[in-house]
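If you read the sequences in order, they're chains X and Z. Following the working numbering, the residues of the first sequence are numbered contiguously, the last one being 285. Following the working numbering, the residues of the second sequence are numbered contiguously, the last one being 1300. No residue lacks a Cβ here, since even glycine has one placed at the ideal position from N, Cα and C. Have a look at the structure below before the remarks.
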Amino acid sequence: MTRLERNKLADKLFKVVAICATAVALVFLAALVIDLIYDGAGRIDWSFITSFPSRRPARAGIIAAIAGTFWLMGLTALFAFPIGVGAGIYLEEYAKKNTFTKIIEVNIANLAGVPSIIYGLLGLGIFVRTFRLDQSLLTGALTLTLLILPIIIITTREALRAVPSGLRQASYALGASQWQTTYSQVLPVAMPGILTGTILALSRAIGETAPLVAIGALTYIAFLPESVMDPFTALPIQIFNWVSRPQKGFAINAAAAIIVLLCITLVLNSIAIYLRHRFKKRMRW
Amino acid sequence: MIAASKRRKKQRMTEGAIQTILFLCAALSVITTIGIVGVLLFETWGFFQEVSIIDFLTDTQWTPLFVDKHFGIMSLLAGTCLIALIAMCVALPLGIMSAIYLNEYAPSRVRETIKPIIEVLAGIPTVVYGYFALLFVTPLLQSFIPNLSGFNALAPGIVMGIMILPMVSSLSEDAMHSVPDSLKEGAYALGATRFQVATSVVVPAALSGIMSAAVLAVSRAIGETMIVSIAAGQQPRLTMNPLVPLETITAFIVQVSLGDTPTGTIEYKTIFAAGMTLFIFTLVLNLFSQWLKERYREEY
């Protein structure tokens, strides 16, 4: 065998190995989905969706968990969106290049890498113990807000950076102030990008379990929350609780609840992808 | 005239107020960091009033919830490191190989289809991976390894590896993508195969970016909580045996949080001491990863 032939053989072999490596991830994903549907799809019916948790797996449902998850999603969006976008606008449009700005930037990059359980300990120490908000929806939402703020800030900045500077200059030339320019010209153009990032961040937030466990969220709730000060449970917490029990019936419930959770995140992600698609179309200058 | 100047004055005030509000939004991130460090330091300080730091670092047992209390963080660290190691053994080779495949071999159509599918893996909630590790991967492994216990390090390690694979793959791919085409074309002109270009030109040139991705992946692995809480068991153990139940730092925090621990007790403080240890480890890894990435940016 000549050296050329050997090299070509190595090339082909490597290609096969690399395809297999890529396929592992896809096979894993397929196995996960099939396993979940096999275990849990049969369990999902109207009474499972609309029942409260129960000691008997066959009678337990996820209505309290679904309600908690939607409450958390709404409240977290309410807090995280304005603050995150505001911080993004400040850093991208207003901030001068000085040491303090640099500190904020490095700080945000590092916050994005802090494990979510640490945010749970922060929520426990500050919101639960210091502010005495107990295990309320407000505590959960504030904790999740701090967790996803870095993601929203980073994507907001990327979206703002993609707006051509000619747009800003044209607006200034017409006598608009900096805020008028930002609010009326730059933000509308960047909005689809910002919304995409926010929705992806929210879909991460509603899948988070660890910080909610750390702040002490309950697992057994037999009523629907009516105000932000009410205790709550959420889908991931309910799933975790069911997975941790030895009875087979609860494992089936967990699989069914996971399917519901994945469907919610899937819907959110689809909205994000749709917005990104529209964004691409509109960005022709 | 007077009306116009009044309006301008008012506008200037609004502009100033808005800028202040926006600044406060950005400053909140610094306050968050101060909050994290403050809470961890405060409770950890209280912890070390009762437990000597030497015991914390050298004792081989971790039993804060028992009557006979031992506070040796080593056994939690061992569990954390073992599972992170298994995860990296899965994520690194697979992630880098798939990055090479997608960057060098795959036709753009295949690439455009496969990349988003791999990204889906990164968006799945971790509690779902925990379910899968405990109820699918462990039973599957038990059919090959009969003495594998129901809770173990192997299954959550493997599943965690798959979870961080998309991150390794996409960050490595970014690094490989920014290797100048001229370098690759030079190698092709000399008659190199794609395999040779990938291993002798692209990977070495992108090495610091790939290493940065790997370090970030380690940080993610040691901070991951739900997979290990569900599938690794809750028995702190100073061991490197992947077949028996053990406990990680994160799983311990969850275990204590699930019980009812009153403020001020030593059990309550231990989770902050454990959290502090975790925070320091991930922070050092994240900073190291950023440093590696910056270094590589300067080269081109």
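Below 8 Å on the Cβ atoms is my contact criterion, and I expect residue i with residue j to pass it. Report the Cβ-Cβ distance as a whole number of Å.
| i | j | result |
| --- | --- | --- |
| Val1215/Z | Leu1292/Z | 6 Å |
| Leu1121/Z | Ala272/X | Going by Cβ atoms, the distance from Leu1121/Z to Ala272/X rounds to 16 Å, so no, they are not a contact pair. |
| Thr1250/Z | Val1228/Z | 6 Å |
| Pro1104/Z | Val1201/Z | Per the sequence presented here, residue 1104/Z reads as Glu, with Pro not at that position. With a Cβ gap of about 10 Å, Glu1104/Z and Val1201/Z do not count as contacting. |
| Ile148/X | Thr76/X | 7 Å |
| Glu208/X | Pro225/X | In fact, because the Cβ distance is near 18 Å, the residues do not count as touching under 8 Å. |
| Leu1134/Z | Ile1230/Z | 5 Å |
| Leu1165/Z | Gly1095/Z | 5 Å |
| Thr1199/Z | Ile1073/Z | Not really, about 40 Å apart at Cβ, beyond 8 Å. |
Can you list, in chain order, the residues of its chain with a C-beta nearer than 6 Å to that of residue i? Leave out the 5 residues immediately preceding and following it.
| i | result |
| --- | --- |
| Glu1298/Z | The pLDDT assigned to Glu1298/Z is 48, lower than 50, so where the model puts this residue is not dependable; a value taken from the coordinates is nonetheless given after this. Result list for Glu1298/Z: empty, nothing under 6 Å. |
| Asn1286/Z | Ser1219 |
| Ala1175/Z | Ala1206, Gly1209 and Ile1210 |
| Asp11/X | none |
| Val1179/Z | Val1202, Ala1205 and Ala1206 |
Counting along the chain, where does the alpha helix (DSSP H) carrying residue i start and finish?
| i | result |
| --- | --- |
| Lys1322/Z | Because chain Z spans 1001 through 1300 in this model, residue 1322/Z falls outside it and cannot be assessed. |
| Val1212/Z | According to the sequence shown, residue 1212/Z is Ser rather than Val. That run of the alpha helix (DSSP H) goes Leu1207 to Gly1223. |
| Ile153/X | Leu137 to Arg161 |
| Gly19/X | Position check: residue 19/X holds Ile in this sequence, whereas Gly was assumed. Counting along the chain, the alpha helix (DSSP H) containing Ile19/X begins and ends at Arg3 to Gly40. |
| Phe100/X | Thr99 to Leu111 |
| Asp1181/Z | Asp1181 to Ala1189 |
| Ala211/X | Checking the sequence shown, residue 211/X turns out to be Pro, not Ala. Ala210 to Ala214 is the extent of the alpha helix (DSSP H) around Pro211/X. |
| Trp242/X | Leu235 to Val243 |
| Leu133/X | Note, Leu133/X: premise wrong, no alpha helix (DSSP H); not H, not E. |
| Thr1020/Z | Ile1002 to Glu1050 |
| Val1244/Z | Looking at the DSSP string, Val1244/Z is not in any alpha helix (DSSP H), and its letter there is neither H nor E. |
| Ala80/X | Ile63 to Ile89 |
| Gln1142/Z | Thr1138 to Gln1142 |
| Glu1119/Z | Ser1108 to Gly1123 |
| Trp46/X | Trp46 to Thr50 |
| Ser203/X | Leu187 to Gly207 |
| Phe1132/Z | Thr1126 to Phe1132 |
| Val1301/Z | This structure does not reach residue 1301/Z, given that chain Z is present from 1001 up to 1300, and the question cannot be answered. |
| Ala60/X | Unbroken run through Ala60/X: none, as it is neither H nor E. |
| Gly1157/Z | Leu1154 to His1177 |
| Val1254/Z | Ile1249 to Leu1258 |
Could you name the residues of the same chain whose beta carbon sits closer than 8 Å to that of residue i, not counting the 5 residues immediately before and after it, in chain order?
| i | result |
| --- | --- |
| Phe70/X | none |
| Pro1242/Z | Leu1082, Ile1086, Asn1152, Ala1153, Leu1154 and Gly1157 |
| Arg161/X | Glu92 |
| Val128/X | Asp134, Gln135, Thr139, Ile215 and Gly216 |
| Ile37/X | Ile259 |
| Arg1007/Z | none |
Once the 5 residues before and after residue i are set aside, which same chain residues still bring their CB inside 7 Å of it?
| i | result |
| --- | --- |
| Thr50/X | Gly61 and Ile63 |
| Arg278/X | Pro192 |
| Thr130/X | none |
| Asn98/X | none |
| Lys1009/Z | none |
| Phe52/X | Gly61, Ile63, Ala64 and Ala222 |
Does at least one heavy atom of the ligand GTP sit under 7 Å from the Cβ of residue i?
| i | result |
| --- | --- |
| Tyr90/X | Ligands displayed in this structure: none; no statement on the ligand GTP is therefore possible. |
Which residues in chain A sit within 7 Å of residue i, going by Cβ to Cβ distance?
| i | result |
| --- | --- |
| Leu1148/Z | You won't find chain A in this structure, because its protein chains are X and Z. |
Of the residues that make up the region 1248-1282 of chain Z, which ones have a beta carbon closer than 8 Å to any beta carbon in chain X?
-> Thr1250, Ile1253, Val1254, Ser1257, Leu1258, Thr1263, Ile1271, Phe1272, Gly1275, Leu1278, Phe1279 and Thr1282
State whether the region 159-173 of chain X contacts the region 248-263 of chain X, with contact taken as three or more CB pairs (one from each stretch) at a distance under 8 Å.
-> no
Identify each residue in the region 1150-1175 of chain Z for which the Cβ-Cβ distance to at least one residue of chain X is less than 9 Å, and report them in chain order.
-> Val1159, Ile1162, Leu1165, Pro1166 and Ser1169
At a cut of 8 Å, does the region 234-252 of chain X reach the region 1122-1134 of chain Z through at least three beta carbon pairs?
-> yes
Members of the region 1223-1250 of chain Z that neighbour chain X once the beta carbon cut-off is set at 7 Å | Gly1223, Thr1225, Met1226, Ile1230 and Thr1250
contact_flag[the region 128-137 of chain X, the region 214-232 of chain X] where n(CB pairs < 8 Å) is 3 or more | yes
Chain X contacts made by the region 1078-1092 of chain Z, where a contact means CB separation under 7 Å | none
Closer than 7 Å, Cβ to any Cβ of chain Z: which residues of the region 209-222 of chain X, in chain order?
-> Thr209, Ala210, Val213, Ala214 and Gly216
Should the region 186-200 of chain X be called in touch with the region 1103-1120 of chain Z, which here means at least 3 C-beta pairs below 8 Å?
-> no
Do the region 1022-1038 of chain Z and the region 103-120 of chain X make contact, defined as three or more Cβ pairs closer than 8 Å?
-> yes
Please confirm if the region 1155-1170 of chain Z is in contact with the region 1076-1084 of chain Z, defined as three or more CB-CB distances below 8 Å between the two stretches.
-> yes
Using a beta-carbon distance cut-off of less than 7 Å, what residues from the region 1046-1064 of chain Z approach chain X?
-> none
Contacting positions in the region 85-96 of chain X - beta carbon closer than 9 Å to chain Z = Val85, Gly86, Ala87, Gly88, Ile89, Tyr90, Leu91, Glu93, Tyr94 and Ala95
What residues in the region 123-141 of chain X bring their beta carbon closer than 7 Å to a beta carbon of chain Z?
-> Gly125, Ile126 and Arg129
At a Cβ cut of 9 Å, what residues of the region 1282-1293 of chain Z count as close to chain X, listed as they run along the chain?
-> Thr1282, Leu1283, Leu1285, Asn1286, Leu1287, Ser1289 and Gln1290
Note down, in chain order, all residues in the region 1014-1044 of chain Z with a beta-carbon under 9 Å from any beta-carbon belonging to chain X.
-> Thr1014, Glu1015, Ile1018, Gln1019, Ile1021, Leu1022, Phe1023, Leu1024, Cys1025, Ala1026, Ala1027, Leu1028, Ser1029, Val1030, Thr1032, Thr1033, Gly1035, Ile1036, Gly1038, Val1039, Leu1040, Phe1042 and Glu1043
What are the residues of the region 1198-1221 of chain Z that lie near chain X, defined by any Cβ-Cβ distance shorter than 9 Å?
-> Ala1198, Thr1199, Leu1216, Ser1219 and Arg1220
Evaluate contact between the region 1062-1079 of chain Z and the region 1266-1278 of chain Z, counting only Cβ atoms and requiring at least three cross-stretch pairs below 8 Å.
-> yes
Interfacial residues, the region 235-248 of chain X to chain Z, with Cβ spacing under 8 Å | Pro236, Ile239, Phe240, Val243 and Ser244
Return the residues of the region 254-276 of chain X that lie within a Cβ-Cβ distance of less than 8 Å from chain Z, sorted by chain order.
-> Ala254, Ala255, Ile258, Leu261, Leu262, Thr265 and Asn269
In the region 47-60 of chain X, which residues sit with their C-beta less than 7 Å from some C-beta in chain Z, listed in chain order?
-> none
Taking only beta carbons into account, state which residues of the region 105-120 of chain X come closer than 9 Å to chain Z, listed in chain order.
-> Val106, Asn107, Ile108, Ala109, Asn110, Leu111, Ala112, Gly113, Val114, Pro115, Ser116, Ile117, Ile118, Tyr119 and Gly120
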